[in-house]
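K.L.:
In our numbering, the protein residues as written are 11 to 317.
Where a beta carbon is used, it is the ideal one built from N, C-alpha and C, also for glycine.
Next up is a structure, given as structure tokens.
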Amino acid sequence: MIEPTSKVWMDGKLVDWGDARIHLLTHALHYGTGVFEGIRCYATERGPAIFRLREHVRRLMRSAHLYHMEVPYSEEELVDACRALVRVNDLSACYLRPLAIRGYGEMGLNPVLAPVEVSVLTWVWGAFLGEEALESGVRAKISSWKRNDHNMLPPGAKATGQYINSGLAKMEALKAGYDEAIMLNTTGHVTDGSGENVFVVRDGELATPPISAGCLDGITRDSVMRLARDLGYAVTERDLTRFDLYTADEAFFTGTAAEVTPLREVDDRALASDGRGPVTKEIQQAFFDAAHGRIERYRGWLTPVGG
Ligand code: PPE
């Protein structure tokens, strides 16, 4: 169970965690009409700092734009809200969850009649797929559920409603004894995990599905591509099939919650590395070093919460 933190930012006000409530008539509860973000704040030598905060806020705005949601705050105001909330909750490291929903007042399938309500929550979230997963890797299952495509629910927007699709895949994988699901698109190419992008390593080169395949335009994915290239690896964005996963030397997930989590097996086929391979380990280390402010050239990715 999530441990409460002290305050929640709700429509410009800091309210007590226990008072952060909404009415049952809230439109988003009935129709999935919300957009959200997941962001991490890391402890650094210079205090808590939020990883790629501006990129996350910009993605939230893009998601809102798709659904005709007028967010009544500027990007700068949301950046400030996130920083202020971490400060007031006195957290050195945490997960942040900005959420914009169609709120209270109207029912029916035209969302624009319901007001847009915006909030930000924080909580302490450890290793998403387990502490051990970061070292030993996870077992994934290719889901029988297809990922929503560009003309169903655009995967580039992080809408709350589309996550019931990921939920189906995740439940199927867990019930079959795996740790995570990997979804294919309607043409059979790999998209992403239920909440992570995916990379394969073969012969020292990295590959990840292109955004056009229907994965989320992950901010960790973008960071890892940059880190890997800076380390001298070739990285290509190309369509991957399940065969590419089964026969990879190494593979890993990336995501705000999942960070860089190695894959150990896909559909009962052990990857050549059989756990965290050397390339994954190097990239994972670089990622954590960058996120914790230990590498000067990536300091620009960090927004100190100040205070
Ligand atoms: N694909 C999907 C489907 C996805 O939900 C995420 C983030 C990613 C890729 C990675 O994107 P990014 O975080 O920008 O690197 N998933 C968020 C929600 C996790 C949850 O369980 O809730 C996250 O990692 O915050």
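Rank V211, L237, V210 and G205 by C-alpha distance to the C-alpha of D227 and give the top, closest one.
P.N.:
For the residues V211, L237, V210 and G205, the minimum Cα distance to D227 belongs to G205.
K.L.:
Are at least three pairs of beta-carbons, each pair with one atom in the region 60-74 and one in the region 149-157, less than 8 Å apart?
P.N.:
Touching, no.
K.L.:
Three-state secondary structure (DSSP) at D159?
P.N.:
Residue state, collapsed to three classes: coil.
K.L.:
Considering only residues of the same chain and omitting the five flanking positions on each side of G224, which have a CB-CB separation below 7 Å?
P.N.:
Contacts found: R157, D159, H160, P165, N195 and T201.
K.L.:
Take the Cβ of K23 as the centre, count every other Cβ of all protein chains shown within 10 Å, and call the residue buried at 16 or more, exposed below.
P.N.:
Answer is exposed; the Cβ neighbour count stays below 16.
K.L.:
Tell me V128's beta-bridge partners as DSSP assigns them.
P.N.:
DSSP lists A110 as partners of V128.
K.L.:
Below 8 Å, how does it come out for the region 203-222 and the region 286-296: are there three or more Cβ pairs, yes or no?
P.N.:
The region 203-222 vs the region 286-296: in contact.
K.L.:
At a threshold of 7 Å, does R56 count as lining the ligand PPE (C-beta to nearest heavy atom)?
P.N.:
The answer is no for R56.
K.L.:
Closer than 7 Å to a non-hydrogen atom of the ligand PPE - does that hold for the CB of D202?
P.N.:
Yes, Cβ of D202 sits closer than 7 Å to a heavy atom of the ligand PPE.
K.L.:
With H, G and I counted as helix, E and B as strand and the rest as coil, what does DSSP make of D202?
P.N.:
Strand.
K.L.:
Given that a residue counts as buried once 16 or more other Cβ atoms are within 10 Å of its Cβ, and exposed if not, what is S102?
P.N.:
So S102 ends up on the exposed side.
K.L.:
Specify, as a first and last residue, the run of the beta strand (DSSP E) that Y52 falls within.
P.N.:
Segment I49 to T54, the beta strand (DSSP E) holding Y52.
K.L.:
Tell me, to the nearest whole angstrom, how far the beta carbon of K185 is from that of V45; I am working on the premise that it is less than 8 Å.
P.N.:
That pair is no contact at about 29 Å.
K.L.:
Taking the alpha-carbon positions, what's the Y243 to A191 distance?
P.N.:
So the two alpha carbons sit approximately 27 Å from each other.
K.L.:
Pairing CB atoms from the region 290-309 with CB atoms from the region 251-271, are three or more of them under 8 Å?
P.N.:
Flag = yes, the region 290-309 and the region 251-271 touch.
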